[in-house]
Amino acid sequence: MNSQRRLSSEQVVDRAGVLRERVRSLGGDDVDILAVTKGFGPWALRAASKSGFEMVGENYAQELESKWAQLKDEERDCLEVHFIGGMQTNKVRRIAPVVAVWQTLDRQSLVNEIAKRAPTSSVMIQINLTHSENQGGCQISKAGDIVAMARSKGLKVIGAMGIGPQGDDQIIRAAYRSLVLFADDNALPHRSIGMTNDLEIAIECGSTMVRIGTALFGERPAR
0 MNSQRRLSSE QVVDRAGVLR ERVRSLGGDD VDILAVTKGF GPWALRAASK SGFEMVGENY
60 AQELESKWAQ LKDEERDCLE VHFIGGMQTN KVRRIAPVVA VWQTLDRQSL VNEIAKRAPT
120 SSVMIQINLT HSENQGGCQI SKAGDIVAMA RSKGLKVIGA MGIGPQGDDQ IIRAAYRSLV
180 LFADDNALPH RSIGMTNDLE IAIECGSTMV RIGTALFGER PAR
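So, in structure tokens, the structure goes:
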């Protein structure tokens, strides 16, 4: 049994205020905060909405399905779901009615499936910034082809997404700058980079969206 304490909505509201001030102090007035509710129950989705967040991030198709089914229609209407986890093509159909933005587009088969199941969706290209095969995303040298392919299928390619590498600040900074340069070169307005531990570097490098979970909802329960 998980003994970790669930935060109250009021606590999340307070944390949201601290986070917004942190982002603002870094010059991030135009930086969106994606409230990452993965791993938490439906309470986190409700708390995110109460805290003024319209966008939430989820990683797992089955978990998203389960939580979404437990929300009331009026609660769902207040939230825009971004899928930020590794995506199997056979799961796209199940969550296509729920997901507004697919942030982890990284291969042709996924382009084809999303274009088939969710043709009006917005997508981001996930770029592998760690050069590790265990990390999701395509190599930056192939990302331009995926952008072109997605656009040719009628998908709205709105940005690029990446997970920062481990290492010192200079390594992280170089990785994020490479993604921002790619986004600029391909006319992609959104750059989804930066999480709780490195959002300062991400905003410095040009992030337009940071993905924040633990700073809002506390430590994530073990799966």
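Here numbering that gives the first Met the number 0 is used: the first residue of the sequence shown is 0, the next is one more, and so on.
By construction, the Cβ of each residue, glycine as well, lies at the ideal position given by its N, Cα and C atoms.
Where residue i falls: helix, strand or coil (DSSP)
i      : result
Ile157 : strand
Met0   : Here the model assigns Met0 a pLDDT of 38, short of 50, so the residue's position is not dependable and the matter cannot be decided.
Thr103 : strand
Cys137 : strand
Ile83  : coil
Ile192 : coil
Val12  : helix
Asp168 : helix
Lys115 : helix
Ile145 : helix
Thr129 : coil
Leu178 : helix
Asn89  : helix
Leu109 : helix
Ser173 : Contrary to the premise, residue 173 reads as Ala rather than Ser in this sequence. In this structure, Ala173 counts as helix in the three-state DSSP scheme.
Among the options, the one whose alpha carbon lies nearest that of residue i
i      : options                        : result
Trp42  : Gly16, Ala95, Glu74, Gln87     : Glu74
Ala46  : Glu9, Gly163, Asp31            : Glu9
Phe223 : Ser191, Leu63, Ala173          : The structure shown does not extend to residue 223, since the chain is modelled only from 0 to 222, so the question has no answer here.
Gln61  : Phe52, Gly84, Lys49            : Gly84
Cys204 : Arg172, Pro220, Glu218, Phe216 : Arg172
Gly26  : Arg219, Thr213, Ile200, Glu218 : Ile200
Thr36  : Arg19, Asp29, Trp67            : Trp67
Ile192 : Asn185, Asn133, Thr103         : Thr103
Arg190 : Asp76, Trp101, Thr207          : Thr207
Val17  : Tyr59, Val80, Arg5, Phe216     : Phe216
Val11  : Ser50, Asp105, Val22, Arg21    : Ser50
Ile124 : Ala186, Gly136, Ala114         : Gly136
Arg106 : Met148, Asp28, Glu20           : Met148
Asn58  : Asp72, Ile202, Gln87           : Gln87
Leu78  : Asn111, Leu109, Asn89, Ala34   : Ala34
Leu187 : Thr213, Gln69, Met160          : Met160
First and last residue of the uninterrupted beta strand (DSSP E) at residue i
i      : result
Ala34  : 31-35
Ser121 : 121-125
Gly56  : 54-57
Arg5   : Looking at the DSSP string, Arg5 is not in any beta strand (DSSP E), and its letter there is neither H nor E.
Ile211 : 208-211
Rounded distance between the beta-carbons of residue j and residue i, thought under 8 Å
i      : j      : result
Met194 : Ile170 : Not really, about 15 Å apart at Cβ, beyond 8 Å.
Ala174 : Gly163 : 6 Å
Val235 : Ile32  : Outside the shown range of the chain, which is 0 to 222, sits residue 235, and nothing can be said about it.
Leu44  : Val30  : About 22 Å separates the two Cβ atoms, so there is no contact after all.
Leu99  : Val122 : The sequence shown places Ala at residue 99, not Leu. Rounded, the Cβ-Cβ distance is 10 Å, inconsistent with contact.
For residue i, the first and last residue of its enclosing alpha helix (DSSP H)
i      : result
Val97  : Counting along the chain, Val97 falls outside any alpha helix (DSSP H), and DSSP gives it neither H nor E.
Lys66  : 60-68
Lys49  : 41-49
Glu218 : That residue, Glu218, is in no alpha helix (DSSP H); it is neither H nor E in DSSP.
Asp72  : 72-75
Leu198 : 198-204
Any non-hydrogen atom of the ligand MG closer than 8 Å to residue i Cβ
i      : result
Lys152 : By its list of ligands, the structure shown contains no ligand whatsoever, and the ligand MG lies outside what it can speak to.
Problem set entry | At least 3 beta-carbon pairs within less than 8 Å: the stretch 108-118 vs the stretch 154-166 | Contact between the stretch 108-118 and the stretch 154-166 is present, because at least three Cβ pairs lie under 8 Å.
Problem set entry | Inter-stretch contact at 8 Å, needing at least 3 Cβ pairs: the stretch 91-100 / the stretch 127-136 | Touching, no.
Exercise. Does the stretch 176-195 come within contact of the stretch 136-144, defined as at least 3 CB pairs closer than 8 Å?
Worked result: Flag = yes, the stretch 176-195 and the stretch 136-144 touch.
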